[in-house]
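Q: Under UniProt numbering, think of the first position of the sequence shown as 1, with each following residue one higher.
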Amino acid sequence: MRAIILARVSTEEQMQDGQSIPAQLARSRQWCKDRGLEVKSEYQFDESSTKDQRTKFELVIDEIKRSKDKVALVVETIDRLQRSFKESVVLDEYRKNGQLEIHFIRENLVLNDQSNSSDLLRWDMGVMFARSYVLQLSDNVKRSISQKLLNGEFPGMAPVGYINHDLPDGKKTIVPDPDRAHLIAKMFELYGTGQHSVKTIKQELDRAGFITRTGKKLTTSLIHKNLRNPFYSGVMVVNGKEYRHKYEPLVPEWLFSKCQTIMDNYHKKPFKAGAKPYIFRGLIRCEKCGCLITPEISKGKYIYYSCTNFKGLCKRIWVPEEELLKPVYKALKAVQMPQEAIDRLTQDLKTTGQNESHFHKESMTALRADYDRLEDRIARMYEDKLDRSITQDMYDKKLKEWKGRQAELIAEMNSHSQADEEFYLTANMVFNLASRAMDIFKSSEVPEKRQLLSFLLQNCKLNGKNLLYELRSPFNLLVEASTCSNWLRGWDSNPRPIDYMYSQLSLWHGLYHHPSSQSGV
Numbered sequence: 001m002r003a004i005i006l007a008r009v010s011t012e013e014q015m016q017d018g019q020s021i022p023a024q025l026a027r028s029r030q031w032c033k034d035r036g037l038e039v040k041s042e043y044q045f046d047e048s049s050t051k052d053q054r055t056k057f058e059l060v061i062d063e064i065k066r067s068k069d070k071v072a073l074v075v076e077t078i079d080r081l082q083r084s085f086k087e088s089v090v091l092d093e094y095r096k097n098g099q100l101e102i103h104f105i106r107e108n109l110v111l112n113d114q115s116n117s118s119d120l121l122r123w124d125m126g127v128m129f130a131r132s133y134v135l136q137l138s139d140n141v142k143r144s145i146s147q148k149l150l151n152g153e154f155p156g157m158a159p160v161g162y163i164n165h166d167l168p169d170g171k172k173t174i175v176p177d178p179d180r181a182h183l184i185a186k187m188f189e190l191y192g193t194g195q196h197s198v199k200t201i202k203q204e205l206d207r208a209g210f211i212t213r214t215g216k217k218l219t220t221s222l223i224h225k226n227l228r229n230p231f232y233s234g235v236m237v238v239n240g241k242e243y244r245h246k247y248e249p250l251v252p253e254w255l256f257s258k259c260q261t262i263m264d265n266y267h268k269k270p271f272k273a274g275a276k277p278y279i280f281r282g283l284i285r286c287e288k289c290g291c292l293i294t295p296e297i298s299k300g301k302y303i304y305y306s307c308t309n310f311k312g313l314c315k316r317i318w319v320p321e322e323e324l325l326k327p328v329y330k331a332l333k334a335v336q337m338p339q340e341a342i343d344r345l346t347q348d349l350k351t352t353g354q355n356e357s358h359f360h361k362e363s364m365t366a367l368r369a370d371y372d373r374l375e376d377r378i379a380r381m382y383e384d385k386l387d388r389s390i391t392q393d394m395y396d397k398k399l400k401e402w403k404g405r406q407a408e409l410i411a412e413m414n415s416h417s418q419a420d421e422e423f424y425l426t427a428n429m430v431f432n433l434a435s436r437a438m439d440i441f442k443s444s445e446v447p448e449k450r451q452l453l454s455f456l457l458q459n460c461k462l463n464g465k466n467l468l469y470e471l472r473s474p475f476n477l478l479v480e481a482s483t484c485s486n487w488l489r490g491w492d493s494n495p496r497p498i499d500y501m502y503s504q505l506s507l508w509h510g511l512y513h514h515p516s517s518q519s520g521v
């Protein structure tokens with residue numbers, strides 16, 4: 001009788017425990033020799049037998065099916081052949097038809113069309129025990145993964161920008177990829193400006209020479225997926241649930257949230273600007289009905305604005321663009337300060353910057369101390385768990401609580417760093433605009449003029465032919481302060497931040513704001 005030998009391993013442990021494929025093949029060949037079986041073919045499996053798609057197993061079945069004579073299928077043991085009853089149905093059909101004889105070496109069991117119920121029961125029992133092992137293994141893996149998640153550990157391959165790293169004690173962790181982490185952070189920074197699409201970010205990354213660990217360039221779909229992945233800001237998603245991880249974030253939470261908002265609103269723009277830009281397009285609404293004021297060009301050069309009258313409540317009035325620009329020029333002149341006032345404010349800004357820097361350092365030191373204190377608590381609590389001074393449930397509960405607080409502290413430190421940078425950027429921009437607002441506006445192209453007006457004005461409305469508006473902060477305060485001899489009223493020697501808002505300054509309460517830090521862990 002001709003024989004088919006099947007050898008399989010599914011773990012490294014089996015390879016090192018005398019169950020390697022060469023060892024199985026040697027025993028199977030000896031078995032065939034002792035029983036006068038001619039080896040027709042050999043199949044080697046190195047994947048789990050619990051997988052649904054078992055191409056090699058199907059090849060074995062195809063060979064049995066094509067054989068005109070009875071063949072013997074020789075395997076080391078039952079669980080080397082199968083770990084579910086799904087295969088039993090197929091194999092048993094060929095056995096009963098006299099096409100197949102199954103040899104299990106370790107069990108010293110041979111099954112054919114003449115086998116009695118006792119031998120068949122031994123086969124079924126072997127399959128049942130093999131399946132039980134698989135189920136128990138699955139339960140153990142699930143418990144292990146659950147524990148890892150509670151500890152803030154990610155049970156999988158690190159995403160792009162991170163690498164899996166082996167610690168000296170044999171444990172595994174995830175650390176930022178020194179070659180790619182900064183480019184992933186740059187990816188979020190670019191998208192967070194609102195001026196880049198996924199396609200233009202890909203172009204930037206390609207120019208920077210970014211390649212994955214497999215040596216490939218990032219695709220637009222992968223960039224989109226990465227921008228949606230909260231892992232980079234400190235949160236991992238496993239089976240639809242979010243968990244705080246213990247690894248170093250590559251981007252702050254505020255930047256990740258900003259990118260999500262931009263992405264969510266990408267296809268929800270209220271209108272699409274035409275090819276020709278207009279200064280007031282999309283900036284003004286009708287005071288009576290709330291509809292947009294839209295531009296139209298007459299005779300190829302004269303620009304007029306009117307209410308769309310979408311609600312049918314208004315009489316259409318055409319207002320020349322020159323008329324709308326007159327109050328704008330007034331606003332630009334109002335925020336423009338004399339040079340001596342700017343010089344004084346610049347000097348005060350230096351003092352303010354020193355106070356801001358001192359406050360920033362104090363806050364960062366306090367937050368870092370809180371973070372380190374929690375880290376020390378976690379280490380001591382782990383020793384208590386090993387000494388069985390506390391229960392596993394108590395350890396898990398406190399670990400989750402303290403890891404969550406550490407993530408909050410990291411977010412606060414990132415927010416302080418962002419505010420520290422925006423303080424200087426915004427202050428310089430405001431002073432630059434206040435010193436030469438009219439010149440900047442008149443010398444700019446239409447898109448830059450629109451951007452400048454968006455930065456300067458808010459709540460623009462058209463009442464008849466009159467443009468109504470409000471100055472944004474801090475320009476409203478600059479106008480108010482211009483009538484006072486003391487430009488920084490209420491300023492003391494050690495100012496403290498209040499009412500933080502990004503990209504805004506306050507000349508009343510200091511030239512900077514920060515998110516309040518919560519110390520005292």
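Each residue gets a CB set at the ideal place from its N, CA and C atoms; glycine is no exception.
Where does Val-198 fall in DSSP's three states?
A: Counted from its first residue, the sequence shown places residue 198 at position 198. Residue state, collapsed to three classes: helix.
Q: Can the beta-carbon of Asp-79 be found closer than 8 Å to that of Arg-95?
A: Taking the first residue of the sequence shown as position 1, residue 79 is located at position 79. Taking the first residue of the sequence shown as position 1, residue 95 is located at position 95. No, they are not a contact pair.
Q: With a CB to CB cut of under 6 Å and the five nearest residues on each side skipped, what residues in its chain are close to Glu-107?
A: For the purposes of this step, residue 107 is taken as the residue at position 107 of the sequence shown. Closer than 6 Å at Cβ, skipping near neighbours: no residue.
Q: So does the segment 469–477 actually touch the segment 371–384, counting three or more Cβ pairs closer than 8 Å?
A: no
Q: Could you give the DSSP three-state label for Arg-388: helix, strand or coil?
A: Within the sequence shown, the letter at position 388 stands for residue 388. Three-state DSSP puts Arg-388 in coil, outside helix and strand.
Q: Would you mind reading off the limits of the alpha helix (DSSP H) that contains Asp-179?
A: Residue numbering aside, residue 179 sits at position 179 when the sequence shown is read from its first letter. The continuous stretches of alpha helix (DSSP H) do not include Asp-179, and DSSP gives it neither H nor E.
Q: Considering only their Cβ atoms, is the gap separating Val-235 from His-245 smaller than 8 Å?
A: Numbered from 1 along the sequence shown, position 245 holds the residue referred to as residue 245. Numbered from 1 along the sequence shown, position 235 holds the residue referred to as residue 235. Result yes, Cβ atoms of His-245 and Val-235 sit closer than 8 Å.
Q: DSSP three-state label for Met-364, please.
A: Within the sequence shown, the letter at position 364 stands for residue 364. In the structure shown, the three-state DSSP call for Met-364 is helix.
Q: Terminal residues of the continuous beta strand (DSSP E) containing Asp-166?
A: One-based indexing of the sequence shown puts residue 166 at position 166. Per DSSP, Asp-166 belongs to the beta strand (DSSP E) from 162–166.
Q: Compare the beta carbon distance of Phe-210 and Lys-217 with 8 Å and say whether it is the shorter of the two.
A: Translated into the one-based positions of the sequence shown, residue 210 becomes position 210. Translated into the one-based positions of the sequence shown, residue 217 becomes position 217. Against a cut-off of 8 Å, the Cβ pair of Lys-217 and Phe-210 comes out as a contact.
Q: Between the C-alpha atoms of Cys-314 and Asn-459, what's the straight-line distance to the nearest angstrom?
A: One-based indexing of the sequence shown puts residue 314 at position 314. One-based indexing of the sequence shown puts residue 459 at position 459. Rounded to whole angstroms, Cys-314 to Asn-459 spans 19 Å at the Cα level.
Q: Taking the alpha-carbon positions, what's the Glu-445 to Lys-461 distance?
A: Start at 1 with the first residue of the sequence shown, and residue 445 comes out as number 445. Start at 1 with the first residue of the sequence shown, and residue 461 comes out as number 461. C-alpha separation (whole angstroms): 23 Å.
Q: What are the boundary residues of the alpha helix (DSSP H) that Val-335 is part of?
A: Here residue 335 refers to the residue found at position 335 when the sequence shown is read from its first residue. First-last of the alpha helix (DSSP H) with Val-335: 321–335.
Q: According to DSSP, what are the bridge partners of Lys-172?
A: Looking up residue 172 in the sequence shown gives position 172. Paired residues: Asp-166.
Q: Taking the alpha helix (DSSP H) that Tyr-94 belongs to, which residues open and close that run?
A: The residue labelled residue 94 in the question sits at position 94 within the sequence shown. Tyr-94 -> alpha helix (DSSP H) spans 86–96.
Q: Spatial neighbours of Gly-290 within its chain, please: CB distance less than 6 Å, with the 5 preceding and 5 following residues excluded, ordered by chain position.
A: Here residue 290 refers to the residue found at position 290 when the sequence shown is read from its first residue. If we look at Gly-290 and ignore the five residues flanking it on each side, it has no Cβ neighbours.
Q: Could you tell me which whole beta strand (DSSP E) segments of length 3 or greater appear in the segment 215–248?
A: 235–238 and 241–244
Q: When the distance is taken between beta carbons, is Tyr-329 closer than 8 Å to Trp-318?
A: The count along the sequence shown starts at 1 and reaches residue 318 at position 318. The count along the sequence shown starts at 1 and reaches residue 329 at position 329. No. Outside cutoff.
Q: Under DSSP, the beta strand (DSSP E) around Ala-7 begins and ends at which residues?
A: Taking the first residue of the sequence shown as position 1, residue 7 is located at position 7. Run containing Ala-7: 2–8, per the beta strand (DSSP E) assignment.
Q: Can you tell which of Pro-320, Asn-309 and Arg-405 has its C-alpha closest to the C-alpha of Glu-296?
A: To locate residue 296, count along the sequence shown from 1; it is residue 296. Minimum Cα distance to Glu-296 is reached at Pro-320.
Q: Mind checking which residues open and close the alpha helix (DSSP H) that includes Phe-256?
A: Within the sequence shown, the letter at position 256 stands for residue 256. Residues 253–264.
Q: Within a Cβ cutoff of 6 Å, which residues of the same chain sit near Ala-7, ignoring the five residues on either side of it in sequence?
A: Here residue 7 is taken as the residue at index 7 of the sequence shown, counted from 1. Once the five neighbours on either side are set aside, the close Cβ partners of Ala-7 are Ile-21, Gln-24, Leu-25 and Gln-44.
Q: Indicate the three-state DSSP secondary structure (helix, strand or coil) for Cys-291 in the structure shown.
A: Here residue 291 refers to the residue found at position 291 of the sequence shown. Correct three-state label for Cys-291: coil.
Q: Looking at Asp-384: is its Cβ nearer than 8 Å to the Cβ of Ile-390?
A: One-based indexing of the sequence shown puts residue 384 at position 384. One-based indexing of the sequence shown puts residue 390 at position 390. Yes, they are a contact pair.
Q: May I ask you to list the residues that DSSP assigns as paired with Ser-41?
A: Within the sequence shown, numbered from 1, the residue matching residue 41 stands at position 41. In the DSSP output, where bridge partners are listed per residue, Ser-41 has Ile-4.
Q: Between the alpha carbons of Gln-336 and Leu-457, how many angstroms are there, rounded?
A: Within the sequence shown, numbered from 1, the residue matching residue 336 stands at position 336. Within the sequence shown, numbered from 1, the residue matching residue 457 stands at position 457. Going by the C-alpha atoms only, they are around 14 Å apart.
Q: Can you tell me the Cβ-Cβ gap for Gly-161 and Pro-176, rounded? I've got them flagged as a contact below 8 Å.
A: On the sequence shown, residue 161 is found 161 positions in, with the first residue counted as 1. On the sequence shown, residue 176 is found 176 positions in, with the first residue counted as 1. That belief holds up - the Cβ atoms of Gly-161 and Pro-176 are roughly 7 Å apart, short of 8 Å.
Q: So, are the CB atoms of Met-263 and Ile-223 less than 8 Å apart?
A: By 1-based counting over the sequence shown, the position of residue 263 is 263. By 1-based counting over the sequence shown, the position of residue 223 is 223. Not a contact, by the Cβ cut-off of 8 Å.
Q: Considering only their Cβ atoms, is the gap separating Leu-367 from Glu-412 smaller than 8 Å?
A: One-based indexing of the sequence shown puts residue 412 at position 412. One-based indexing of the sequence shown puts residue 367 at position 367. Contact: yes.
Q: When the distance is taken between beta carbons, is Ser-41 closer than 8 Å to Ile-64?
A: Within the sequence shown, numbered from 1, the residue matching residue 64 stands at position 64. Within the sequence shown, numbered from 1, the residue matching residue 41 stands at position 41. Cβ distance not < 8 Å, so Ile-64 and Ser-41 don't count as in contact.
Q: What's the gap between the Cα of Arg-122 and the Cα of Lys-68?
A: Here residue 122 refers to the residue found at position 122 of the sequence shown. Here residue 68 refers to the residue found at position 68 of the sequence shown. Roughly 28 Å between the two C-alpha positions.
Q: On the criterion of 16 or more Cβ atoms from any shown chain inside 10 Å, does Lys-202 qualify as buried, or is it exposed?
A: Counting from one through the sequence shown, the residue named residue 202 turns up at place 202. Under this definition Lys-202 is a buried residue.
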